[in-house]
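Residues in the sequence shown are numbered consecutively from 0, following numbering that gives the first Met the number 0. Right, one structure below, let's go through it.
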Amino acid sequence: MGREVVVGKIKVIICQDKQEVSREAAAIFIQAINSNPEIVLGLATGGTPVGMYKELIEMNKKGKVNFSKVKSFNLDEYAGLDGSHPQSYRFFMNQNLFNHINIDKSNTYVPEGKFCDCEQSCRNYEEAIKKNSGIDLQLLGIGSNGHIAFNEPGSPEKSRTRKVDLTARTIDDNTRFFDNRNQVPTQAITMGIETILEAKQIILLATGANKATAVTGALKGPVGSRLPASFLQGHSACTFIVDKAAACEL
Ligand code: PGA
């Protein structure tokens with residue numbers, strides 16, 4: 000069990016390592032799903048949540064958690080990639096979670112990356128979240144530049160699902176998932192900051208020393224667009240689960 004501290008309204012659980020972060024996060028998700036089997040989850044991609052997804056898969060196989068009535072909305076998708084592209088976030092979710100648990104895939108939503116009408120597609124995504132009564136439990140990572148989803152520095156608090164440009168830093172950070180930097184899309188569709196803040200409960204995961212400055216800024220820095228994760232300071236049910244390395248500047 001990690002050590003707990005409270006910074007403003009945010010509970011911070013500081014774990015020994017990445018594995019403990021994954022276990023703590025999975026335990027929270029499993030408890031939430033068991034107490035509300037029809038829960039609407041907000042899900043994230045990237046390297047950080049993979050360990051938690053592995054835990055969820057294992058617990059589902061053991062019969063400790065049932066996803067049959069769960070719905071999910073993912074935070075973002077690369078612009079220009081459709082769901083069959085191996086680097087798309089739809090593909091990632093299928094590979095790292097959905098293909099291995101008893102979720103109904105028609106209840107899993109990921110923003111459309113390859114679309115005819117982007118604005119309509121973003122509006123439809125917001126509508127689908129509303130129609131399902133909003134997100135109960137939202138999982139987040141954090142970028143080394145303080146982004147949440149693909150809300151890069153400069154994103155307004157009142158933003159909603161839309162197409163955005165990725166910063167050079169995010170493209171650098173995500174190059175590790177591609178063969179080379181030129182292959183990383185330069186734009187994405189992302190839920191907005193306001194969309195994220197409407198989730199009833201938020202869990203942010205961060206591991207590694209390269210996230211320490213962003214984590215400290217999110218918790219203790221001024222609230223503003225310069226570091227989008229700082230807007231979480233205004234949420235009434237937000238928990239950060241971090242490892243010692245990501246907490247080293249707190
Ligand atoms: P990562 O990405 O989990 O791959 O570090 C997190 C993010 O950019 O939000």
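Where a beta carbon is used, it is the ideal one built from N, C-alpha and C, also for glycine.
- At a Cβ-Cβ threshold of 8 angstroms, L231 and M51 do not count as neighbours.
- The shortest CA-to-CA distance from I188 to any of L218, S132, G207 and Y77 is the one to Y77.
- An exposed status is given to D16, since fewer than 16 other beta-carbon atoms sit within 10 Å of its beta-carbon.
- Contiguous alpha helix (DSSP H) elements confined to the stretch 103-135 occur at 117-130, taking only those with 4 or more residues.
- According to DSSP, residue pairing for S71 in a beta bridge involves L40 and T107.
- For K219, the uninterrupted alpha helix (DSSP H) run begins and ends at A211 to K219, by DSSP.
- Annotation: the continuous alpha helix (DSSP H) that includes F90 extends over Y88 to N95.
- Contact between K53 and H234 is ruled out by a C-beta separation of about 27 angstroms, above the 8 angstroms threshold.
- Taking 8 angstroms as the cut-off, the beta carbon of L40 is found closer than this to the beta carbon of L136.
- No heavy atom of the ligand PGA is found nearer than 7 angstroms to the CB of I201.
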